[in-house]
Amino acid sequence: MDIGILLMASIFCKVFFGLVGSETEFEAAFQGQCESAGTPCEHFCRNHSPRTFECSCREGFHLDHNGYSCLDTPSLDTRPSNRSNNNVELHRSEQADQPSIATTTSPTNEIPYTSPKLAQAACAGLVCLGGGVCASDRTLGYRCLCPLGRKGTHCQEKVSFATPRFSGDSYAMLPLPTDWDLDFELELDIHAENENGLLLYSGEDLNGSKNFLALELLDGYVVFRLQIAHTDINLQSRYKVPLGDPVLIRAQRSKGDFSLRVASEDRIVTSVQDVEDGELKASENIYLGGIPDYDHLQTKFLTSTAGFVGCILSLLINGKKFLLEPLPFGTIIHGINIDRCETSSCEEIHCLNDGQCIIDHFKKARCDCPIAFRGEQCEIDLQLEVTSFNGTSYLAYPLSGTSVLHATNLLLTFKPSNITGGVLLHIGRPSSSLFTDTMQIRLNRGLLELALDLGEGPTISQIGTPLVRNQWYQVAVRRTDRFTELILDGGGTTQVYYDGAFDELNVADDHLYIGGVDNNEVGAFFQGCIDLNKSEFMGKKLLMSRALKGSNLDTCRST
C-alpha cells in the first residue's frame, strides 16, 4: 500500500456535484511542495504554503472529490475518478452509495486520505459503501478501507464511538500537542487483545528514519522508542501486558531523561546526555493504533508491521485529555477501520461531566449522563429545547410548592418514535406497588392511556384513536378531585371517574417525571421527542432550567 496523501480541506470547499450548473465550493491542500517528485496533481500544481500545495484544473475541467484529479465539466461525473496520477490510483466502487457533501469534505486539519495503488481487476468486484475505498491487501488480496463512522466488509454498517477499538489494520490521527519537543508526559490506557502492534507514533515522517516517538507492543512487552538527533533511545517493560485487562502506560521525557512505567511495575529510566537539547521536531500528527502504511517503515528502528488490536481507553499528553471520538465533539481528525469498544467493566469507562458508569440490562457498561449532556462519555454539552428521549431517558421536576391535591392541569407536546409502550408522564413516587398516589400518561399498544391512583388502586382509561409514529401530538389533562379528562388534540377524549372513596392526589414530596423515571419500576420509558417549550404543568412551562435532574437526553434531530 502506498503512503496516504495528506489532505487538508478548508471550510470553504468547491466540488461540482449533481446537475449542470449546481455546485458546492471545494478547496484542498496537500502536504509537501510542487517541486517534490510524484505530486498527484493531474493538471496544475501551486504551492499553498511552505508545507502544502494545491491542485487546479484547466478551463473546462473541475477538481474531483479527491482533490487532485480533473473531471470534464460537461460530463459532471459524480463518482470519484479512477484514472491514474503519477502511479497513485484510487478506486471506489461505482455501485457504492455516495456520501453527502458533509461527509466527503474533511475538517480543517491535515488528514491522511489514503489513495493506495490498486489492482483494478481485484477491486472491480468489491463494493465499498459510505465513502470506503478498495485497497490491495497482501493477505486478502483486496479489502475496503472504511472511513470514520463506517465498519464492515463493505463499510455497510454505521458506527459511532467514544472509546475506539482497533483491529490491526486501523489507525486514528490526532492533532500534534504544543510544547512537547523537549519535555512531555504521556499516559495511554489500553485493553490489548494481541501481543504485537503499534500503539502510538509521531515523527518527522512516516518512515521512522528521522526523529520520531513510538510506543509499540512486541511479544507482549511495551517498547518505548525515540530517535532524537540521530540517537536511538529504547525502553522496554519488564513484564508482559496481560491480554484482556486494562493497562496504563506512562512514558516521559525531561530533556535527556526518559522513563517508562507499565501498570504498577517500577519505572524504567535512562539518561542520554547527547540529546538534552535535541528537539523531537515532529511534523506528522499523532497516529494512534497504527499508521497508514507499514511497507516503508524502517524496521531497523521500529519492529511493528501491523497496528494494535484492542481498545484504547484514554490518552493524556502533558495533562491534556484527548477525546477519542471524531470531530467536532472529539479530537480524532481522521481514521480508518475503527470500531466501537464494547466493555462490561466500569473500570474501562471514563464518564465526563459528572456522568456515572452503570451496568445496563444488556450487561454492558455505559455512562449514565446527567441532564443536558450526552455521548458515550457524557462529553457533549446540549442546548435542549425540543428534547429526544431514547428509552433510557427521563426528566424530573420538583412538586414542592405546587399543589395538585384537588386539581391537576397539564399540557404535553410529543412525537413518539415507538408507540408500543412507554411512560410519557408520571406524577408521584415511581413504584410498582399498588395503593400509591400517582397519575400516569403512557403509550400502550399504540393507544394513549391514563392511569389514576388516589390510594385505592388505579383506574385506567384509553383514548381509542391509534397513534402514528413520528407525528406530533398535544395531550391535555384536566383533573378536579376524582374526575379527570384526557384530551388528545385532533384525536378524541376520554374521561376517568375514580372508583375509590378518596379524591386527593397526595404527592407533595414526590416528583413530576417526563419520559420515564429514575428507576425501573414503572415499565418501559418513552421513545421520541417532547417539545418542552410547548408543554406546561399547572400553568407554567416545563423549562429545562426548572428540572431537578435528568438522564440520557438529546436534542431532537428533526422537528
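Take the sequence shown: its letters are residues -22 to -1, 1 to 537, numbered as in mature numbering (1 follows the signal peptide of the UniProt record, and there is no 0).
Here a beta-carbon is modelled for each residue, glycine too, at the ideal position from N, C-alpha and C.
Computed from a predicted structure; not experimentally measured.
Next item on the list: Could you pull out every residue in the same chain whose Cβ sits closer than 7 Å to the Cβ of ARG457, ignoring the five residues on either side in sequence?
Entry: In chain order, ALA385 and THR386 place their CB closer than 7 Å to the CB of ARG457, counting only its own chain and leaving out the 5 sequence neighbours on each side.
Next item on the list: Thinking ILE310 and TYR179 are a contact (beta carbons under 8 Å), I'd like their distance in whole angstroms, please.
Entry: At roughly 15 Å, the Cβ-Cβ gap does not stay under 8 Å, so ILE310 and TYR179 are not in contact.
Next item on the list: Throw me the rounded Cβ distance for the GLY108 and ARG128 pair, which I believe falls under 8 Å.
Entry: 4 Å
Notebook entry, point to check: Unbroken beta strand (DSSP E) runs of length 3 or more, entirely within the region 409 to 446: which are they?
Noted result: 416 to 422, 425 to 431 and 437 to 441
Check: Residue ranges of each beta strand (DSSP E) run of no fewer than 3 residues wholly in the region 360 to 412, ordered along the chain?
Finding: Entirely contained in the region 360 to 412, the beta strand (DSSP E) runs reaching 3 residues are, in chain order, 364 to 376, 385 to 394 and 399 to 406.
Notebook entry, point to check: Taking Cβ to Cβ, would you say PRO348 is nearer than 9 Å to CYS335?
Noted result: no
Next item on the list: Would you mind reading off the limits of the beta strand (DSSP E) that contains TYR265?
Entry: 264 to 266
Notebook entry, point to check: Who pairs with TYR46 in a beta bridge, going by DSSP?
Noted result: Paired residue(s): none; TYR46 is not in a bridge.
Notebook entry, point to check: CB GLY493 to CB LEU402, shorter than 9 Å?
Noted result: yes
Check: Tell me the DSSP bridge mates of GLY181?
Finding: PHE190
Checklist line | Own chain, CB closer than 6 Å to LEU164, minus 5 neighbours either side, in chain order | finding: Here the set comprises ALA229 and ILE295.
Checklist line | beta strand (DSSP E) runs contained entirely in the region 271 to 327, provided each spans 3 or more residues | finding: 287 to 295, 298 to 300 and 312 to 314
Next item on the list: Evaluate the contact criterion for the region 250 to 259 versus the region 146 to 164: three or more CB pairs, one atom per stretch, below 8 Å.
Entry: When Cβ pairs closer than 8 Å are counted between the two stretches, the region 250 to 259 is seen to touch the region 146 to 164, the count reaching three or more.
Check: Using 8 Å as the threshold, is the region 488 to 507 in touch with the region 364 to 375, meaning 3 or more CB pairs across them?
Finding: yes
Check: CA-CA distance, GLY333 and THR141?
Finding: 15 Å
Check: Where does ARG128 fall in DSSP's three states?
Finding: strand
Item checked: Among VAL474, TYR451, TYR217 and GLU482, nearest to ASP467 - alpha-carbon criterion -> TYR451
Margin query: If contacts are defined as beta-carbon pairs under 8 Å, then VAL453 and ILE419 qualify, I think. What distance do you get, rounded to the angstrom?
Written below: Contact holds; Cβ gap of about 7 Å.
Next item on the list: Give me the Cα-Cα distance between HIS169 and LEU221, rounded to the nearest whole angstrom.
Entry: Taken atom to atom, the span from the alpha-carbon of HIS169 to that of LEU221 is near 7 Å.
Check: Between the region 239 to 249 and the region 129 to 139, do three or more beta carbon pairs fall short of 8 Å?
Finding: no
Next item on the list: Could you give the DSSP three-state label for residue 543: helix, strand or coil?
Entry: No answer is possible for residue 543: the residues shown for the chain start at -22 and end at 537.
Item checked: Check: GLN355 C-beta below 8 Å from any heavy atom of the ligand FAD -> The ligand FAD is not among the ligands present in this structure, which contains no ligands whatsoever.
Next item on the list: Could you tell me if ALA150 is buried or exposed, where buried requires 16 or more neighbouring beta carbons within 10 angstroms of its beta carbon?
Entry: buried
Margin query: Tell me the residue span of the beta strand (DSSP E) that contains LEU238.
Written below: 235 to 240
Next item on the list: For LEU96, name the three-state secondary structure that DSSP assigns.
Entry: Its pLDDT being 36, under 50, LEU96 is placed unreliably by the model, and the measurement read from it follows with that caveat. Coil.
Checklist line | VAL111 beta carbon less than 9 Å from that of LEU123 | finding: yes
Next item on the list: Say whether the region 299 to 310 touches the region 186 to 198, bearing in mind that this needs 3 or more beta-carbon pairs closer than 8 Å, one atom from each stretch.
Entry: no
Next item on the list: Compare the C-alpha of VAL250 against each of PHE139, VAL240 and LYS233 and name the closest.
Entry: LYS233
Margin query: Just to confirm, is the Cβ distance from VAL240 to VAL225 under 9 Å?
Written below: yes
Checklist line | Assigned secondary structure, ASN511 (DSSP; H/G/I helix, E/B strand, else coil) | finding: Reduced to three states, the DSSP call for ASN511 is helix.
Item checked: Given ARG535 as reference, the closest of ASN189, SER395 and GLU434 once Cα atoms are compared -> Measuring C-alpha to C-alpha distances from ARG535 to each of ASN189, SER395 and GLU434 identifies SER395 as the nearest.
Check: Where do the N-terminal and C-terminal ends of the beta strand (DSSP E) with GLU463 fall, by residue?
Finding: 461 to 466
Notebook entry, point to check: Does the beta-carbon of THR471 have 16 or more other beta-carbons within 10 angstroms, so that it is buried, or is it exposed?
Noted result: exposed
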